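Numbering (numbering that gives the first Met the number 0), first residue to last: 0 to 242. Virtual Cβ for every residue (Gly too), placed ideally from N, Cα, C. The model shown is predicted, which means the values in this text are computed figures rather than measured ones. The structure appears below as structure tokens.
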Amino acid sequence: MNSQKDTLYASPLGKVDGFQFDSSVVDVFPDMIQRSVPGYSAIISAIGLLASRFAQADSVCYDLGCSLGAATLSMRHKIGAKDCKIIAVDNSSAMLSRCQKIIDRDTAVIPVQLVCADIQDISIQNASVIVLNFTLQFIPLADRDAFIKKIYAGLRPGGLLILSEKLMFTDARQQALQTEMHHAFKKANGYSDMEVSQKRASLENVLIPETFKQHKDRLLQSGFDNAEVWFQYFNFASMIALK
Ligand code: GEK
Numbered sequence: 000m001n002s003q004k005d006t007l008y009a010s011p012l013g014k015v016d017g018f019q020f021d022s023s024v025v026d027v028f029p030d031m032i033q034r035s036v037p038g039y040s041a042i043i044s045a046i047g048l049l050a051s052r053f054a055q056a057d058s059v060c061y062d063l064g065c066s067l068g069a070a071t072l073s074m075r076h077k078i079g080a081k082d083c084k085i086i087a088v089d090n091s092s093a094m095l096s097r098c099q100k101i102i103d104r105d106t107a108v109i110p111v112q113l114v115c116a117d118i119q120d121i122s123i124q125n126a127s128v129i130v131l132n133f134t135l136q137f138i139p140l141a142d143r144d145a146f147i148k149k150i151y152a153g154l155r156p157g158g159l160l161i162l163s164e165k166l167m168f169t170d171a172r173q174q175a176l177q178t179e180m181h182h183a184f185k186k187a188n189g190y191s192d193m194e195v196s197q198k199r200a201s202l203e204n205v206l207i208p209e210t211f212k213q214h215k216d217r218l219l220q221s222g223f224d225n226a227e228v229w230f231q232y233f234n235f236a237s238m239i240a241l242k
């Protein structure tokens with residue numbers, strides 16, 4: 000299942016519609032995320048290492064907003080704890096049906112249950128690892144506090160939340176520089192100025208980033224007593240919080 004090259008925004012679009020995870024995105028998704036999110040592959044690999052350290056016997060590892068299951072596969076190949084299962088959730092049926100095909104071809108033994116649902120509506124229980132790899136940024140701001148509280152409640156003591164997000168910065172010069180460097184990253188990966196600007200327009204009001212402080216404050220208010228950045232590459236970061 001080879002990924003096609005992402006050319007979705009390569010031609011001028013009179014009006015740029017809001018970004019949707021539909022079948023045209025599914026076909027190019029691995030190429031798109033790799034060329035757009037600095038450090039994506041490093042984060043995916045580290046999710047496997049973290050899961051192998053934190054997955055507890057008889058528990059569930061959740062991959063929320065799983066897309067094509069990259070984080071699920073990384074965990075599935077690294078977890079050694081007995082009787083673990085992975086529940087991977089996405090509300091795009093196009094993503095999930097492609098993800099199912101990818102999981103079916105994978106030979107690792109840990110059971111994976113795919114669920115097509117809004118991650119805010121599922122029950123989260125008996126979790127030792129919860130992954131939100133670039134997904135919270137698509138949840139409405141007003142719903143994020145309640146959602147992170149639900150995650151905290153569903154984690155076992157000793158459990159781990161991995162939260163990767165595009166970040167914003169309160170300092171205007173930092174915000175401008177980090178945005179400029181992200182665009183330079185995309186251009187170095189072959190995207191044109193027009194592709195960068197049309198994609199930015201499509202994500203306006205769809206992907207809503209926050210600052211690290213906003214994330215940390217929410218995690219602390221939700222019950223976690225710690226939250227740190229373990230990885231950052233320009234305005235893309237991955238955080239861990241321990242229950
Ligand atoms: C990866 N984690 O490759 N409920 C369920 N899924 C959702 C919701 C929601 N409310 N909102 C968005 N999604 C993946 C990458 S991509 C990140 C995650 C990106 C899903 C959406 O359908 C998409 O598949 C995913 O979250 C975000 O490690 O494209 O920037």
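#1: Leaving out the 5 sequence neighbours to the left and right, which residues in its chain are closer than 6 Å to residue 174 when beta-carbon positions are compared?
#2: In whole angstroms, what is the alpha-carbon distance linking residue 95 and residue 104?
#3: Residue 126 lies in the beta strand (DSSP E); which residues open and close that run?
#4: Output the boundary residues of the beta strand (DSSP E) element that contains residue 160.
#5: Give me the DSSP bridge partner(s) of residue 103.
#6: Just to check, is the beta-carbon of residue 300 closer than 6 Å to a non-hydrogen atom of ligand 1?
#7: Looking only at C-alpha atoms, which of 85, 166, 32 and 25 sits nearest to residue 189?
#8: Can you list, in chain order, the stretches of the beta strand (DSSP E) that have 3 or more residues and sit fully within the segment 43-74?
#9: So, helix, strand or coil for residue 109, using DSSP?
#10: Compare the Cα-Cα distances from residue 90 to each of 73, 107, 65 and 212 and report the closest residue.
#11: Which of the three DSSP states, helix, strand or coil, is assigned to residue 115?
#12: List the endpoints of the continuous beta strand (DSSP E) containing residue 241.
#13: May I ask you to check if the CB of residue 134 is nearer than 6 Å to at least one heavy atom of ligand 1?
#14: Please report how far the alpha carbon of residue 146 lies from the alpha carbon of residue 232, in whole angstroms.
#15: Mind checking residue 134: buried by the 16 CB within 10 Å criterion, or exposed?
#16: Could you tell me which of 132, 102 and 155 sits nearest to residue 166, measuring between CA atoms?
#17: Would you identify the three-state DSSP class for residue 89, choosing helix, strand or coil?
#18: Would you report the Cα separation of residue 68 and residue 112, rounded to the nearest angstrom?
#19: Using the Cα positions of residue 92 and residue 81, report the straight-line distance between them to the nearest angstrom.
#20: Within 10 Å of its beta-carbon, does residue 130 have 16 or more other beta-carbons around it, so buried, or fewer, so exposed?
#21: Within 10 angstroms of its Cβ, does residue 3 collect 16 or more other Cβ (buried), or is it exposed?
#22: Between residue 180 and ligand 1, is there a pair consisting of the residue's CB and a ligand heavy atom that are separated by less than 6 Å?
#23: Report yes if the C-beta distance between residue 50 and residue 84 is below 7 Å; otherwise report no.
If we stick to the structure as given:
#1: Taking the first residue of the sequence shown as position 1, residue 174 is located at position 175. Excluding residues up to 5 positions away in sequence, 168 lie with their Cβ nearer than 6 Å to the Cβ of residue 174 in the same chain.
#2: Numbered from its first residue, the sequence shown carries residue 95 at position 96. Numbered from its first residue, the sequence shown carries residue 104 at position 105. Roughly 14 Å separates the two Cα atoms.
#3: The residue you call residue 126 lines up with position 127 of the sequence shown. Element bounds for residue 126: 126-132.
#4: Position 161 of the sequence shown, counting from 1, holds the residue named residue 160. Its beta strand (DSSP E) spans residues 154-165.
#5: As a first step, residue 103 must be located in the sequence shown, where it is residue number 104. DSSP lists no partner for residue 103.
#6: The shown model of the chain, from 0 to 242, leaves out residue 300, and the question about it has no answer.
#7: Here the question's residue 189 lines up with position 190 in the sequence shown. Ranking 85, 166, 32 and 25 by Cα distance to residue 189 puts 32 first.
#8: For the segment 43-74, whole beta strand (DSSP E) runs of length 3 or above, ordered along the chain, are 59-63.
#9: On the sequence shown, residue 109 is found 110 positions in, with the first residue counted as 1. Coil, per DSSP.
#10: On the sequence shown, position 91 is the one that residue 90 refers to. If we check each option's Cα against that of residue 90, 65 comes out closest.
#11: For the purposes of this step, residue 115 is taken as the residue at position 116 of the sequence shown. Strand at residue 115.
#12: Taking the first residue of the sequence shown as position 1, residue 241 is located at position 242. Counting along the chain, the beta strand (DSSP E) containing residue 241 begins and ends at 235-241.
#13: For the purposes of this step, residue 134 is taken as the residue at position 135 of the sequence shown. Yes, since a heavy atom of ligand 1 falls inside the 6 Å radius drawn around the Cβ of residue 134.
#14: As a working note, residue 146 is residue 147 in the sequence shown. As a working note, residue 232 is residue 233 in the sequence shown. Going by the C-alpha atoms only, they are around 26 Å apart.
#15: In the sequence shown, the residue the question calls residue 134 occupies position 135. That one is buried.
#16: Start at 1 with the first residue of the sequence shown, and residue 166 comes out as number 167. Of the candidates 132, 102 and 155, the one whose C-alpha sits nearest the C-alpha of residue 166 is 132.
#17: Start at 1 with the first residue of the sequence shown, and residue 89 comes out as number 90. When DSSP states are grouped into helix, strand and coil, residue 89 belongs to the strand group.
#18: For the purposes of this step, residue 68 is taken as the residue at position 69 of the sequence shown. For the purposes of this step, residue 112 is taken as the residue at position 113 of the sequence shown. Residue 68 and residue 112: Cα-Cα distance of roughly 11 Å.
#19: Residue mapping note: residue 92 aligns to position 93 of the sequence shown, counting from 1. Residue mapping note: residue 81 aligns to position 82 of the sequence shown, counting from 1. Straight-line Cα distance between these residues: approximately 30 Å.
#20: Within the sequence shown, residue 130 is the residue found at index 131, counting from 1. The residue in question, residue 130, is buried, as its Cβ has 16 or more Cβ neighbours within 10 Å.
#21: For the purposes of this step, residue 3 is taken as residue 4 along the sequence shown, with counting starting at 1. So residue 3 ends up on the exposed side.
#22: Position 181 of the sequence shown, counted from the first residue, corresponds to residue 180. Residue 180 has its CB no nearer than 6 Å to any heavy atom of ligand 1.
#23: Walking along the sequence shown from the start, residue 50 turns up at place 51. Walking along the sequence shown from the start, residue 84 turns up at place 85. Going by C-beta atoms, residue 50 is not nearer than 7 Å to residue 84.
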